[in-house]
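Participant: Below is the structure I would like to discuss, written out as structure tokens.
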Amino acid sequence: MMQMQARGRALMAAPYFTSLVTVLLLLAMFGIGGAAYPGFLSVQVVLNLLIDNAFLLVIAVGMSFVIISGGIDLSVGSVLALSTMVAAWLLQTLHWPPLLVIGCVLLLGAGFGAAMGALIHYFKLQPFIVTLGGMFLARGLCYLISIDSITIDDPLFVAMSQTQVPVLGGFVSPGALLALAVLALAVVLARYSAFGRAVYAIGGNEQSALMMGLPVARTKVLVYAFSSLCAALAGVLFSFYMLSGYGLHAQGTELDAIAAVVIGGTLLSGGYGYVAGALSGVLVLGAIQTLIAFDGTLSSWWTKIVIGALLFVFCLVQRVMTFGAARNT
């Protein structure tokens, strides 16, 4: 009996415990949905989770690096909205080529994030305050461009919106494939690059990282630049999805991204997490929305209620894991 308890404590203290819980939760949700609603387990319903949440997955990937580094980024939803507005304005008003527009939007996002990262590091400001200011700034800039929605009718954007790529008897959008490619690239970056190792080291203990000679300043600036770059790319994907730019797009998306990262197994305290867990976290959020949609009798606000409850549970799980690790050392 004591041996089983020891194994249980060891499992709860294991680094992969929260990620394992997330995967089991996702499987349970699919099992419940499949048993309760005919067609829930169809290939296309599952693929729709990726199609509808491709932009959120890209943002969650960038947010994973920020949280692992011990920071937070509240500006990503506003950067997404600003990206859609800039793209729509350049396409519809100035008639720029679409590839040039996409490149400019991505550079704008990366520069915006780098500026926030520089403020955070060099002026020793709290990430919460700096990115909160960035959130208000980016959202306000949207309304300087236009207070109304700008429809996008560029042929490339329309084609990206309508293209269906056959997969396993169903289809996905090009945006979903691009989101998965970003996830794969981020996993490699986190696990096998000097940048990724520095991000984990800074999140674990910034002073120790400095003493080890790691490029803390450059890494922190790059982390926020990468997060905003992902948000800008998510804005491009959202433009493909909605074919419009609007200042009210993606309100609250930053909170969904943080929830997805935490549910995916990344510690809010920094220093530990799996970037790949962003995918399972996003799929859990998408599965909650799909279950409520299939039920048909529940308000969409139940999505927020369930996500809030899950966040409480996962914060408790992370605390238990931390206590377990401390007892084993």
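For the sequence shown, our numbering begins at 15 and goes up steadily by one. Where is the CB? At the ideal position from N, CA and C, for every residue including glycine.
1. Quick one: measure Cβ to Cβ for Tyr157 and Gly261, integer angstroms, because I've assumed they're closer than 8 Å.
2. Helix or strand or just coil, what does DSSP make of Val181?
3. For the alpha helix (DSSP H) containing Gln176, list its first residue and its last residue.
4. Thinking C-beta only, is Phe252 closer than 7 Å to Leu94?
5. Going by the DSSP bridge assignment, what does Thr165 pair with across the sheet?
6. In terms of alpha-carbon separation, which member of Gln106, Ala231, Ala292 and Gly227 lies closest to Ala198?
7. Taking Thr304 as the reference, which of Val37, Leu34 and Ser56 has the closest Cα?
8. Buried or exposed for Leu88, going by 16 or more other Cβ atoms inside 10 Å?
9. Quick one: is Asp309 buried, meaning 16 or more other Cβ sit within 10 Å of its Cβ, or exposed?
10. Is Val289 helix, strand or coil when you go by DSSP?
11. I'd like to know if Tyr136 contacts chain D, where contact means its C-beta is closer than 7 Å to some C-beta of that chain.
12. Is Thr36 buried or exposed, if buried means 16 or more other CB atoms sit within 10 Å of its CB?
13. Three Cβ pairs or more, each shorter than 8 Å: is that satisfied between the segment 58-70 and the segment 317-334?
14. Counting beta carbon pairs with one atom in the segment 235-242 and one in the segment 127-137, are three or more of them shorter than 8 Å?
15. Hey, out of Ala195, Leu228 and Val72, whose CA is closest to Ser207's CA?
16. For Gly154, does the count of other Cβ atoms within 10 angstroms reach 16, so buried, or fall short, so exposed?
17. Give me the residue from Ser241, Gly322, Gly47 and Met130 with the minimum Cα distance to Val75.
18. Contact between the segment 207-218 and the segment 70-84 is defined here as three or more beta-carbon pairs at a separation below 8 Å; is this criterion met?
19. Using only the alpha-carbon positions, how far apart do Val144 and Met130 sit?
20. For the structure I just gave you, are there three or more beta carbon pairs, one from the segment 101-109 and one from the segment 270-284, closer than 8 Å?
21. To the nearest angstrom, report how far apart Leu151 and Tyr51 are at their CA atoms.
22. First and last residue of the alpha helix (DSSP H) that includes Leu282?
23. Going by the beta-carbon positions, is the gap between Phe54 and Gly47 smaller than 7 Å?
24. Could you give the C-beta distance for Phe328 and Ile277, rounded to a whole number, given that I count them as a contact under 8 Å?
25. From Ile164 to Leu34, what does the alpha carbon distance come to, in whole angstroms?
26. Report buried or exposed for Leu330, applying the criterion of at least 16 other Cβ atoms within 10 angstroms of its Cβ.
27. Considering only DSSP beta bridges, list what Val186 is partnered with.
28. Just verifying my parser: in three-state terms, what is the DSSP assignment at Ala264?
29. If you measure between the beta carbons of Ala223 and Val230, is that distance less than 7 Å?
30. Pop quiz: Val289 and Ser78 are said to be a contact at Cβ under 8 Å. What is the actual Cβ separation, rounded to whole angstroms?
31. Distance, Cα to Cα, His263 vs Val72?
Facilitator: Quick answer:
1. At roughly 5 Å, the Cβ-Cβ gap stays under 8 Å, so Tyr157 and Gly261 are in contact.
2. When secondary structure is reduced to three states using DSSP, Val181 falls in the strand class.
3. That run of the alpha helix (DSSP H) goes Pro169 to Gln176.
4. Yes.
5. Thr165 is bridged to Ser258.
6. Considering only alpha carbons, the answer is Ala292.
7. Restricting attention to Val37, Leu34 and Ser56, the CA atom closest to the CA of Thr304 is found in Ser56.
8. Classification of Leu88: buried, given that the 10 Å Cβ count is 16 or more.
9. Exposed is the call here.
10. Val289: coil per DSSP, three-state reduction.
11. Among the protein chains of the structure shown there is no chain D, as only one such chain exists.
12. Buried: at least 16 other Cβ atoms inside 10 Å.
13. Contact between the segment 58-70 and the segment 317-334 is absent: fewer than three C-beta pairs spanning the two stretches fall below 8 Å.
14. Yes, they touch.
15. Proximity to Ser207 across Ala195, Leu228 and Val72 peaks at Leu228, based on C-alpha coordinates.
16. By the Cβ neighbour-count rule, Gly154 is exposed, with fewer than 16 other Cβ atoms within 10 Å of its own.
17. Distance check between Val75 and each of Ser241, Gly322, Gly47 and Met130 places Ser241 closest, using alpha-carbon atoms only.
18. Yes, they touch.
19. Taking the straight line joining both Cα atoms gives about 6 Å.
20. Fewer than three pairs of CB atoms, one per stretch, sit closer than 8 Å, so the segment 101-109 makes no contact with the segment 270-284.
21. Rounded to whole angstroms, Leu151 to Tyr51 spans 44 Å at the Cα level.
22. Taken as a continuous stretch (DSSP letters only), Leu282 belongs to no alpha helix (DSSP H), as it is neither H nor E.
23. It is a contact, given that the beta carbons lie within the stated cut-off.
24. That belief holds up - the Cβ atoms of Phe328 and Ile277 are roughly 5 Å apart, short of 8 Å.
25. If you take the alpha carbons of Ile164 and Leu34, they lie about 43 Å apart.
26. It is exposed - the Cβ of Leu330 has fewer than 16 other Cβ atoms within 10 Å.
27. According to DSSP, Val186 bridges with Val179.
28. If DSSP states are grouped into helix, strand and coil, Ala264 belongs with coil.
29. Between Ala223 and Val230, the C-beta gap is smaller than 7 Å, which places the two residues in contact.
30. Contact flag correct, Cβ pair sits at about 5 Å.
31. Answer to the nearest angstrom: the Cα atoms are 16 Å apart.
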